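Accompanying notes for the structure given below.
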Amino acid sequence: MAPKRPNEDGDAADKFTKKPRQGFRVGPDNLPDGAWKRKVTKIKKDLITKAKIKKKYSKIKAAHASEPTPALPELPPSPIIHPAGAPSEPTPNSPSQTGPAPEPDLHPDRLHLLTTDEPPNPNANAPDFPPLPKRNNGDRSRGKNQKQRKPDYYEKELAKAAELKAKQEARNAEFARRQKEREDRIKQREKWKRQMDKAKRPDKNGKMRLGRESKILLEKVERLVEGK
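All residue numbers for the sequence shown refer to my numbering, where the first residue is 119 and numbers rise by one.
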């Protein structure tokens, strides 16, 4: 049996059907409710707002570009207004230009400089000031010492540091003294133990060395009495 021919009209209709728009995605859709989902939602809203603003701006810009720019009207030249009391511009035929120009008034000092050949003395009109008092070397050295003197809080910190250093040195010296005494006691104990072992050892004849042992015990008793 021959296969059935497919319906071409149905395929064409399915081909031209529009799919619904899903929109854009910023993050995965299966995020649980929490900080990540709120963050993704906020980013998506910000992107949508920026796209809307950009689209609106492009529309406004295109509308302004299409409008013709109006031509500015030409303004008439403004008349020149002279202030009250100011002299007006002289006309070419005015008598002020035909007559001799008046000489300008000069200052008396300038006239004196022009008439005399002596150079001016700048200290002639200078006011008289009293002479400054001289400072001796003692004041200078005292001022230098005052300038080099450190503030009080530095002195307190230095004194505190010196005190701490002295205490640390005393502790180190005490620790060294005790360590030396301990080493001396250990050495003395080992020496006494060797002597006692040697005294307890019998001689060639197999007899005990009581004299040597008694001497060592007597030294130990004397040392204990001195320690008390």
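All residues carry an ideal CB built from backbone N, CA and C; glycine is no exception.
Model, not experiment: these values are computed from the prediction.
Please report the residue range of the alpha helix (DSSP H) in which residue i lies.
i	result
His-230	226-233
Thr-167	153-184
Leu-335	328-345
Which residue from the options puts its Cα closest to that of residue i?
i	options	result
Phe-142	Met-326, Asp-151, Lys-179 and Ile-161	Ile-161
Glu-337	Lys-311, Pro-320 and Asn-323	Lys-311
For residue i, count neighbouring C-beta atoms within 10 Å of its own C-beta (all shown protein chains included) and say buried if the count is 16 or more, exposed if not.
i	result
Pro-213	Because the pLDDT at Pro-213 is just 45, under 50, the model does not fix this residue reliably, and the value given afterwards should be weighed accordingly. So Pro-213 counts as exposed.
Segment contact flag, the stretch 325-335 with the stretch 289-308, C-beta cutoff 8 Å, min 3 pairs: Judged by Cβ distances under 8 Å, the stretch 325-335 makes no contact with the stretch 289-308, as fewer than three pairs qualify.
Any alpha helix (DSSP H) of 4 or more consecutive residues that is wholly inside the stretch 272-301: Fully enclosed alpha helix (DSSP H) runs of 4 or longer: not present.
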